[in-house]
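Chains as they are written, first to last, in this note's numbering: chain A, 1 to 237; chain B, 1001 to 1215.
Yeah, the Cβ is synthetic: ideal placement off N, Cα and C, and Gly gets one too.
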Amino acid sequence: MAHTSAVTEISKLVDKYLFKYELPQERYFVYLQHACDCYREICLRHSNSFITTKIAVSALGIIEMPTDMVRFSYLFVPIRGEWWSFTQKGRKVTTTTITAGVEGQDSEMGEGVDVDDDVYFGLGGKGGVNDYYLNIDWTARRIFCDGFKSDTAVLRYVSSGLVVSGSTYVPQQCEATMDAYINWRKEMINPRSMSMIQYLEGLYKEEIKKLRILNFMPSKDEICDAWDSATTQTVQR
Amino acid sequence: MIKQEIVSYIRSFLPREDATQRFHELTLTATIERVIIEMYQDIYKINPRLLSKYTKQYGETTPIAVKLNQSAGIYYSDLPSKIVGLPCSYSGVVHVYTVNHAGNVFQPMDATEADLIFNTDVAIVTNKIGYRTRQDTRIDYWNMNTTVYNEGVRMDLLIPFSAYEDNDVVMIPELGEKEGGAFTTRVLSLLGIVPPADLTDDNGARVQAAPTNKQ
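Below, the structure written as structure tokens:
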């Protein structure tokens, strides 16, 4: 049996909104902008959808962030069929040195120098160590890698959700949330009363709560798996 | 009713003797036009979506051409008729369609929206075409595409009574006394045949002035 698609184009979502609430088309583009704002907010805070992409690491160990990246999730290298993740180290040096117009690294300033993990005890003891570290410079929109250069890593990140070339598709479960958001914002454009604004804001928050439960609560199977993996079926000694 | 019948119908209420040409054909048409425009505006206040019922369709046989102002880079169409002005962005251009009906392609916008939209997410995510109604019986398009440019468009226009052909069916808005008066009453009232309705609510108890003790 054929069913409707699980995703809707964002423009069609606003078409449906006008249709459902019997509104004139006059403010279509304004509502569409609010829909974009809402979807970006959902992607950033209330969704578990990520983009996973192979990305080049330069000879200086630097990754240039994709333009749509709004939040970092993981940086991986594949090891024996699994992804091994980099550890974030906030003190990894993120400066570079320009010499005769060419970007390079000055090792005396710690640039490009791998983190030394060979101190295991005393004040310099590191605890758990990793072969790979990273530090993010959000202003420069760069990720500095440690122990990994001139190679390809796998970056998992949260995107703005808005597609530049092609259509932007929104999951069906976001539709009620986005309707509630546009209703709330529409009320702020031509407010009838403060209590109405607060009422609609409350409805939006309720929809967000429902969406978060759907996106983040584990399923029964996941809970069972977690339980089973923490227990043994042999005699406890 | 067709346009001619409406004029004849109104004429049937008028005195037969009209030595001063007070009820000239043009006067009647202008009065009817004014009343119908008022009624369109009343309907707009009730629910703008109801206006589509009173529009006239253009471009069904021969599509209305989309032109390009090369120097400004603006796509536009000349309106095939005068339109009724309404206090909204689309004014009398109630709908614009593609020649082969594709569903909700064109969206009305005002001048400010048309100017600001370039720097918004809307400009990135949508392939809808915006249209801005201008005073000079022309609409400008935003985000026009090649297919529509080549094929032309259809339109539903809200046009004044005088712009209808004599044999065109003209839908008279079905407003009653509660919504400001029916069509005939309004026209005859404007022509001075029926005095305007007394809308003053003076049925309440009147307050008498207190007696004074001035001497």
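Around the beta carbon of residue 1142 of chain B, a 10 Å sphere encloses 16 or more other beta carbons of the protein chains shown; the residue is thus reported as buried.
Contact between the stretch 1180-1191 of chain B and the stretch 1045-1062 of chain B is absent: fewer than 3 CB-CB pairs across the two stretches fall below 8 Å. Distances from the alpha-carbon of residue 150 of chain A to those of A:230, A:129, A:14 and A:112 put A:112 closest. Chain B places a beta carbon closer than 7 Å to that of residue 10 of chain A, counting this residue as a contact.
Straight through space, the alpha carbons of residue 154 of chain A and residue 79 of chain A are spaced by roughly 12 Å. What residue 15 of chain A touches in chain B, judged by beta-carbon distance under 7 Å, is 1104, going in chain order. The beta carbon of residue 1144 of chain B sits no closer than 7 Å to any beta carbon of chain A. Within the stretch 23-109 of chain A, the alpha helix (DSSP H) runs of at least 4 residues that lie entirely inside it are, in chain order, 28-41.
In its chain, beyond the 5 residues on either side, 44, 157 and 158 have a beta carbon closer than 8 Å to the beta carbon of residue 71 of chain A.
Secondary structure of residue 1067 of chain B (DSSP, three-state): strand.
With respect to the 7 Å criterion, residue 142 of chain A and residue 62 of chain A are classified as neighbours on the basis of their beta carbons. Here the alpha carbon of residue 32 of chain A sits roughly 11 Å from the alpha carbon of residue 9 of chain A. The C-beta separation of residue 1125 of chain B from residue 11 of chain A comes to about 7 Å, placing the pair in contact by the 8 Å criterion. Short of 8 Å from the beta carbon of residue 145 of chain A, and not among the five residues preceding or following it, lie these beta carbons of its own chain, in chain order: 57, 61, 62, 63, 75, 86, 132, 133, 134 and 153. Distance from the CA atom of residue 30 of chain A to the CA atom of residue 1113 of chain B, rounded to whole angstroms, is 8 Å. If you look at residue 1010 of chain B, you'll find it isn't in any beta strand (DSSP E); it sits in the alpha helix (DSSP H) that goes 1003-1011. Using a 10 angstroms sphere on the CB of residue 27 of chain A, the tally of other CB atoms reaches 16 or more, which defines it as buried.
Interface criterion not met: the Cβ of residue 134 of chain A is under 7 Å from no Cβ in chain B. In the DSSP annotation of this structure, the continuous segment of the alpha helix (DSSP H) that includes residue 185 of chain A starts and ends at 175-189. Distance check between residue 129 of chain A and each of A:139, A:116, A:138 and A:137 places A:116 closest, using alpha-carbon atoms only. If you draw a 10 Å sphere on the C-beta of residue 1026 of chain B, you find fewer than 16 other C-beta atoms in it, and that means exposed. Within chain B, the C-beta atoms nearer than 8 Å to that of residue 26 of chain A come from 1048, 1088, 1089, 1090 and 1108, in chain order. Against chain A, the CB of residue 1018 of chain B has no partner CB under 7 Å away; the residue lies outside that interface.
For residue 22 of chain A, the chain B residues whose C-beta falls within less than 9 Å of its own C-beta are 1047 and 1049, listed in chain order.
For residue 130 of chain A, there is no enclosing beta strand (DSSP E), as DSSP marks it with neither H nor E. Burial check for residue 174 of chain A: the Cβ neighbour count within 10 Å reaches 16 or more, so the residue is buried. Within chain A, 11 and 32 have C-beta atoms less than 7 Å from the C-beta of residue 1126 of chain B, given in sequence order.
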